[in-house]
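Trainee: Letter 142 of the sequence shown, counting from 1, is numbered 345 in the numbering used here, and no numbers are missing.
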Amino acid sequence: MRRFNSLWIPILLIVLVLMALQSPPKMKILYCYGKFKPELVKGYDLVVVEAAHFFPSNIRVLKANNKKVIAYISLGEVNRYAAHFEKLQQSTLGKNEIWDSYYLDIRKEQTQSTLLQLMKGLFDQGYDGLFLDNFDNFNQWGPQKAHKEAFIAFVKRIRETYPTKFLIQNAGIELVPQTYPWVDALAVESVVTDYDFKTKKYRLRAAKQYQSYREELLQLYAKYKLPTHLIEYAESSELKNHIAKELEDTPFDFFIGSISLQKLPQNTK
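Set out below in structure tokens:
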């Protein structure tokens, strides 16, 4: 019996090594900021939506058919058509002409308390967490870089206020060394792909640029172990397959959609 066990030890070691070398199973993720029928979305690990399009009853349907349902929220800007614009109008610092939105003064208690109140409303509707946008506004190249420390302190405040909610940081990878204790995941757009807004064409990112970006994210993941979601843009099956192949041996989960993120992927229906 002892001899039998000893023969199996090398085999077990080989199996364990092979298992360790394999990438973990990918999460099934959906990002869609448009309006859709909740009953069409099933079997996702994570669904990120624009809350303005849904009633609490819709959220219950999504939660019944998917593991986590996350609401989008902007931390650095507010659109003039947003329900909370009037409360924050006096806490703005200028206009983002590209997106027709206004930069928020995150240093002000009025700004922070209004956003926290908005978050409470979202959680009361049944959302499991938040997709926190505009982190890149506060990095060294962002329009709100002077308020970086106040912003990071606010992210910590969000975590302390809602310790059990799932928080996703969008972009701002330069801030990860300071923000990783307060968020559950990092989302990064267009790593493999590089949509051309002038020609409105889907395309791959230049090879050297992609390899550099990929390596930076791999190093960041190795150091901080922060789950990372890549949001890639493609329409053709060829480009989608290329993206999937590029990312299959990475620890990154990914979603592939159209540039507007306003419609469900075709394979969802």
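We put the CB at the ideal spot given by N, CA and C, even for glycine. Just so we're clear, the structure is a prediction, and the values are computed from it rather than from any experiment.
If you check the beta carbons only, do Phe400 and Leu433 fall under 8 Å apart?
Mentor: Cβ atoms of Phe400 and Leu433: not closer than 8 Å.
Trainee: Starting from the C-beta of Thr453, find all residues in its chain whose C-beta is less than 6 Å away, skip the five residues before and the five after it, and write them out in chain order.
Mentor: Result list for Thr453: empty, nothing under 6 Å.
Trainee: Rounded to whole angstroms, what's the CA-CA distance from Lys271 to Val386? Just pull it up for me.
Mentor: Going by the C-alpha atoms only, they are around 15 Å apart.
Trainee: When the Cα atoms are used, what is the spatial distance from Gly246 to Tyr424?
Mentor: Using only the alpha carbons, I get a separation of about 26 Å.
Trainee: For the stretch 370-388 against the stretch 413-431, are there 3 or more C-beta pairs whose distance is under 8 Å?
Mentor: The stretch 370-388 vs the stretch 413-431: in contact.
Trainee: What residues are listed by DSSP as bridge partners for His432?
Mentor: According to DSSP, which records beta bridges pairwise, His432 is partnered with Ala390 and Asp456.
Trainee: Would a C-beta distance cut-off of 8 Å place Ser365 and Phe326 closer than the cut-off?
Mentor: Here residue 365 turns out to be Tyr, not Ser, going by the sequence shown. A contact, by the Cβ cut-off of 8 Å.
Trainee: What three-state label does DSSP hand Thr396 in the structure shown?
Mentor: Strand, per DSSP.
Trainee: Would you call Leu224 buried or exposed, if buried means 16 or more other Cβ atoms sit within 10 Å of its Cβ?
Mentor: A caution first: Leu224 carries a pLDDT of 40, below 50, which makes its placement in the model too unreliable to give a value.
Trainee: Hey, quick one: how far does the alpha helix (DSSP H) through Thr382 stretch, first residue to last?
Mentor: Val379 to Thr382 is the span of the alpha helix (DSSP H), which, as asked, contains Thr382.
Trainee: Whose C-beta lies closer than 8 Å to the C-beta of Asn299 among residues of the same chain, with five residues either side of it excluded?
Mentor: Excluding positions up to five away in sequence, the list reads Glu280, Tyr305, Tyr306 and Pro346.
Trainee: Could you pull out every unbroken beta strand (DSSP E) segment of at least 3 residues lying fully inside the stretch 277-364, listed in chain order?
Mentor: Taking only runs of at least 3 residues, the beta strand (DSSP E) segments lying wholly in the stretch 277-364 are 280-282, 295-299, 304-307 and 332-336.
Trainee: At which residues does the alpha helix (DSSP H) containing Gln422 begin and terminate?
Mentor: Note, Gln422: alpha helix (DSSP H), Ala410 to Tyr427.
Trainee: What would DSSP say about Lys448, mapped onto helix, strand or coil?
Mentor: In this structure, Lys448 counts as helix in the three-state DSSP scheme.
Trainee: Touch check for the stretch 258-268 and the stretch 279-298: three-plus C-beta pairs under 8 Å?
Mentor: They do not touch, by the three-pair rule.
Trainee: Can you look up Lys266 in the DSSP assignment and give me helix, strand or coil?
Mentor: Helix, per DSSP.
Trainee: Please list, in chain order, all residues of the same chain as Leu335 whose beta carbon is under 8 Å from its beta carbon, the five residues on each side excluded.
Mentor: Ile276, Leu278, Val358, Ile361, Leu370, Ile371, Gln372, Asn373 and Val386.
Trainee: Taking just the CA atoms, how far does Pro380 sit from Phe354?
Mentor: So the two alpha carbons sit approximately 14 Å from each other.
Trainee: Under 8 Å, do Leu442 and Tyr405 count as touching if we go by C-beta distance?
Mentor: Yes.
Trainee: With Gln372 as the anchor, note down where its beta strand (DSSP E) starts and where it stops.
Mentor: Note, Gln372: beta strand (DSSP E), Phe369 to Asn373.
Trainee: Return the bridge partner residues of Val252 from the DSSP annotation.
Mentor: In the DSSP output, where bridge partners are listed per residue, Val252 has Cys235 and Ala274.
Trainee: Applying the 10 Å Cβ sphere with the 16-neighbour rule, what's the burial state of Gln315?
Mentor: That one is buried.
Trainee: Nearest-angstrom Cα distance between Leu233 and Leu291?
Mentor: About 30 Å.
Trainee: Would you list the one or two residues that DSSP bridges to Leu407?
Mentor: Its beta-bridge partners are Thr396.
Trainee: Please state the DSSP three-state secondary structure of Leu467.
Mentor: Residue state, collapsed to three classes: coil.
Trainee: Roughly how many whole angstroms lie between the Cα atoms of Gln343 and Asn337?
Mentor: If you take the alpha carbons of Gln343 and Asn337, they lie about 13 Å apart.
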